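The structure under discussion appears below in the form of structure tokens.
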Amino acid sequence: MAEYKIQLPVFEGPLDLLLYLIKKEEVDIYEVNLTRIATQFVEYLEQMKRLDLDVAGEFVVMAATLIWIKSKELLPVDQRPLTDLDEENNVDPRWELIRKLVEYKKFKEAASELQRCEAEQEDRFPHQSVKQEFPADNSEQQGPKITLMDLLQAVNDVLTRMKERGMPQEIVGERWTVREKITFLKNVLRQKKKVRFLELLEQSYTRFEVVVTFLAVLELARLHEIRVEQSQAFGEIDILDAAE
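My numbering applies: residue 42 is where the sequence shown begins, and numbers increase by one.
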């Protein structure tokens, strides 16, 4: 799979290098043109689609996020959709991009470190299981803490199954927005109080709708309007109305 590379006046290279330079503060992310990044990313995904290559879940999510940021910045300032939190804190949408880039970098570093430790342990104790079980913190909720990576894994699994079944990327005239999906999820939770995250994803007709559903869940969680819970490790992920 060809590596995605960003081409900007202040930076040219792969995503990993950009993340490294941001971490070292050698590239000022605020000087980066988000519209250009979004456009290049979409072109990259379109190329992958024509070549019929698998699109990694994190790239799909990142692209959808960038498109959302691009759409907000293209609107006049007085017409941009803002959440209550945005209005209160005057949040620059580029902060959200930085947060996702840093999280993505942390996940990659953590995965590499776990693989290294596991290989090390297997060399020392080849006949023993080295998989560790981490006890759940029950001080605030009943089950283990849900991470962004847990949600991403569920999204990626559904996208993979949809691709294998030949389901479309999107359907002309049937395109959800994040705002519409947020309203839909709120209505569902008013009726059911609790719904399975996997159920929400699998109700989608297109892969694009899966990504929009994921972003809507993230936004509602950020606004503390929903709770994301798991009764046991590797169990089903539930979405609950935070008011309940």
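Glycine included, C-beta positions come from ideal geometry on N, C-alpha and C. Note that the structure is a prediction, hence the values are computed from the model and not measured.
>> Need the endpoints of the beta strand (DSSP E) that residue 268 sits in, please.
In response: 267 to 271
> Leaving out five residues before and five after residue 191 in sequence, what residues of the same chain have Cβ atoms less than 6 angstroms from its Cβ?
Replying inline: none
> Hey, residue 195 and residue 238: beta-carbon distance below 8 angstroms or not?
Replying inline: yes
> Which of helix, strand or coil does DSSP assign to residue 244?
Replying inline: coil
> How would you write the range of the alpha helix (DSSP H) that residue 231 sits in, first residue to last?
Replying inline: 219 to 233
> So what does DSSP say about residue 53, is it helix, strand or coil?
Replying inline: strand
> So the beta strand (DSSP E) residue 281 belongs to, where does it begin and stop?
Replying inline: 278 to 282
> In or out: residue 224 buried (at least 16 other Cβ within 10 Å) or exposed?
Replying inline: exposed
> If residue 254 and residue 241 are in contact, beta carbons under 8 angstroms, what's the gap, nearest whole angstrom?
Replying inline: 6 angstroms
> What residues in its chain sit with their C-beta under 7 angstroms from that of residue 219, if we drop five residues either side in the sequence?
Replying inline: 109, 253, 256, 257, 260
> Between residue 244 and the rest of its own chain, which residues show a CB-CB distance below 7 angstroms, the 5 nearest in sequence each way excluded?
Replying inline: none
> Taking just the CA atoms, how far does residue 52 sit from residue 269?
Replying inline: 37 angstroms
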